[in-house]
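One structure is given here, and the rest of the page talks about it.
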Amino acid sequence: MPYNMTFFPNMMEHYDQDIAASHMEPFMPLATLRCSPDVHHFLCQAFIPTCTEENRVIRPCREHCEAVLSDCEENIRVFGIAWPLELQCDKLDPCSSDDGSSLPATTPVLSSSSALRDLGFWCPLQLKTKPGHGSSFLGAQDCAPPCTNMYFKPHDIEFAKSFVGVCSIICLCATLFTFLTFLIDVKRFRYPERPIIFYAVCYSFVSLIYFVGFLLGNNAACATAAHPAGVDTVVLGSQSKGCTLLFMLLYFFSIAGLVWWVILTITWFLAAGPKWSCEAIEKKAVWFHSAAWGIPGALTVMLLALNKVEGDNISGVCFVGLYDLDALRYFVLAPLCVGVVVGLFLILAGIVSLNNVRQVIQHDERNQEKLKKFMIRIGVFSCLYLVPLVTLLACYTYEQSHRSAWETTWINDRCQEYSIPCSYKTTEPDRPDLSLFLVKYLMTLVVGISAVFWVSSKKTCSEWAFFCNRTRRRDPISESRRVLQESCEFFLKHNSRVQHKKKHYKPSSHKLKVISKSMGTSTGTAGAPAGANTTSKGTSALGNHDPHAQGSLSEASAREHLDRGNSGRSSRRGERERERGGRRSKGGSSSKVSSHSEIMHPDGRMSSRSELSEARQVPSAQQHPALNQSLGGSSSVVQDSAHHLVHQVQEESKDTKDSGC
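Start counting the sequence shown at 5; every next residue gets the next number (the numbering used here).
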């Protein structure tokens, strides 16, 4: 409009400019299609009449009305426009009248000293949406921005979409790797580092939603035109169920990931500062989960109730704060600021506490080095998260501070195309740079990749290698080596136990069974049954591992061990006696066996078995008086066992002789 002064009420008795604009909207298709050269001038004079400096009101005239009706008759019928009674052509004054209705359609532009008034944003008919969905654009109700981006060219939008798609795939792979590593060994990740896993799960959903938006294009973020002359518009409010679902998932998991980051810093601080144990922190897991899932859920429900869902024609998803500055400040910027400040404060407090612990254990180099590495690991992980988060916060801050200037520039560029009032502001054109939006999307997704740093270690590689190869057949050589290694370890452990037991040796607990050879001869038929009976008893006692017999033999072996250790001569004599006994046993098969057991001495003299027993008992008692006292109660059992063995040898010799005869 070339004038800036009007008069109310107009011909339809409208007392407000907004009311006049709302009643003028049904006629906007005529102005947009320019069906008549006089349609703009006629509608402006009818709804917003010109008021001159002489306080003269310029109203529409009859000839202009008839020309518009004649030229736009077909369009009026197509769009179903109801022509108001106040604008009936026969009720208007002719254009040649003296009341000023013959004023030319264009008047000179008033000087700059004239007062300028902001007429606000008039929603063009092309951007109108169906009422009842709660859509609002630049303060105009039932209005939405065009689906084609307001600031960038189509080829820039295509590049941005591809960029977001690639970033979402990389982030999705990284976060899924972190989560699957956790599933391989759940016990490995306990508190205070367990929130990293939930944080990775949240950003895996975020990256998945961006990837879905990349695949869908603008099918979810944009809606079809509500009017025949309209264009596709961005989804605002509850226009699309698919867009609402994407918004719910994206906003919920974005805020949940931020809350899990804050919880991670809290658990680290509890472990480093007050020195809470893993079990003590794990007991608070219910509260952690309540906060991590409850806060995002409450904010998401609140935004749905306020109809703050907005489609993003760059990434193809739906979020909040893309066109509404208030929603951007309170539901995006505010949570980010709180998360960054609280998390940074707790991280610094935890690092200071760990540094104090490191100074206390200065003399323990091993633990000090481990603690130093852990501090470096926490610091690097925190930087990998905080740097993208702070950058994202800066992008949102810059966007909300320049969004009004960007929108004003867009209105001035499109006001003639949409037949809407141009902005009265004469500021320099301000348009955003594409790199700002690319950095914003990159920082949104790269935040989730930092979780991979925490699980990247040799242990993770070994766990994945075992997980990938455990279903295959094991190499027999490797299996044998494994068994040998386990056997060797078992032997070393067992040997250490044996050495420990030897230090506290008890004769009755020794299980080594020693059978002493007692050689002799026996003759006579009367003693044969008794000897056989005795031999069978002795054999059964040894075969059945009689505890008493084993204890007696163990004591005899202990005595023999002490005799060998203290006197080499006694040991050599025992060997000669065993050799002679062996030769005697061999000779018994070719000679008659005497009824009395005899032993041949080195000088050729024969001695009875009883004499030899007495002769052996005396030196032993003299050499080891302590052992004689300890073995006194079991000496009779040793002698009985010797008798049994002698009778058994006699019976075998007799049988051999009979078979030889």
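By construction, the Cβ of each residue, glycine as well, lies at the ideal position given by its N, Cα and C atoms.
Residue i - containing alpha helix (DSSP H), residue span
i	result
I453	Element bounds for I453: n/a, residue is neither H nor E.
F209	P199 to L220
W297	A289 to A309
I285	C282 to E286
L249	K245 to A276
N79	E77 to F83
F471	K462 to N473
L176	P158 to I188
Q21	Q21 to M28
L131	Looking at the DSSP string, L131 is not in any alpha helix (DSSP H), and its letter there is neither H nor E.
M32	M32 to L37
V43	V43 to F51
Beta-carbon proximity check, residue i vs residue j, cutoff 7 Å
i	j	result
G315	C399	no
D434	T464	no
E90	M15	yes
F46	V72	yes
C127	T237	no
Y207	G383	no
A331	V342	no
S405	G277	no
G234	H137	no
Q243	A227	yes
Y214	V168	yes
Q49	R60	no
L37	C69	no
S454	Y402	no
L449	C177	no
R407	L329	yes
P30	I80	no
R1	C282	With the chain covering only 5 through 665, there is no way to say anything about residue 1.
C55	F11	yes
F257	L438	no
W410	P392	no
N416	S423	no
F471	I188	yes
M9	L129	no
Supposed contact pair residue j and residue i - C-beta distance, whole angstroms, cut 8 Å
i	j	result
C99	E67	5 Å
A295	I267	7 Å
N336	C322	Here residue 336 is Val; the residue named in the question, Asn, does not match the sequence. Actually they do not touch by this definition, with Cβ atoms about 14 Å apart.
L350	T269	4 Å
S172	S140	That pair is no contact at about 29 Å.
M252	T304	6 Å
I318	A164	5 Å
F273	G143	No, F273 and G143 are not in contact; Cβ-Cβ is about 45 Å, not under 8 Å.
I299	P196	Actually they are not in contact, since the Cβ atoms of I299 and P196 sit about 20 Å apart, beyond 8 Å.
C76	L34	5 Å
G221	G347	That pair is no contact at about 36 Å.
F457	F385	6 Å
E467	T179	At roughly 18 Å, the Cβ-Cβ gap does not stay under 8 Å, so E467 and T179 are not in contact.
A230	K134	5 Å
L396	K444	6 Å
Neighbour-count burial assignment, residue i, 16 or more Cβ in a 10 Å radius
i	result
K521	The pLDDT assigned to K521 is 38, lower than 50, so where the model puts this residue is not dependable; a value taken from the coordinates is nonetheless given after this. K521 comes out exposed.
K676	Given that the chain is displayed from residue 5 to residue 665, the structure contains no residue 676 and the question cannot be resolved.
Q145	exposed
H159	exposed
Q633	Because Q633 sits at a pLDDT of 42, beneath the cut-off of 50, its placement in the model cannot be relied upon, and the point is left open.
E17	exposed
G217	buried
N473	exposed
S482	At S482, the pLDDT of 34 sits below 50, so the modelled position is not reliable; the number obtained from the coordinates is stated separately. Per the 10 Å Cβ criterion, exposed.
T660	Per-residue confidence for T660 stands at a pLDDT of 44, beneath the threshold of 50, marking its modelled position as unreliable; the derived number appears in the next sentence. That one is exposed.
C65	buried
A204	buried
P13	exposed
P28	Note on residue identity: the sequence assigns Met, not Pro, to residue 28. Per the 10 Å Cβ criterion, buried.
S594	With a pLDDT of only 40 at S594, under the threshold of 50, the placement of this residue in the model should not be trusted, and no figure is reported.
R198	buried
W4	The requested residue 4 is not part of the displayed model; the chain covers only 5 to 665.
A275	buried
V345	exposed
Contact test: residue i Cβ vs the ligand MG heavy atom, cutoff 6 Å
i	result
P13	Absence of the ligand MG from the depicted structure is noted, as is the absence of any ligand whatsoever, leaving it without description.
Q | Complete runs of the alpha helix (DSSP H) confined to the stretch 316–365 [at least 4 residues] | A | 329–332 and 338–364
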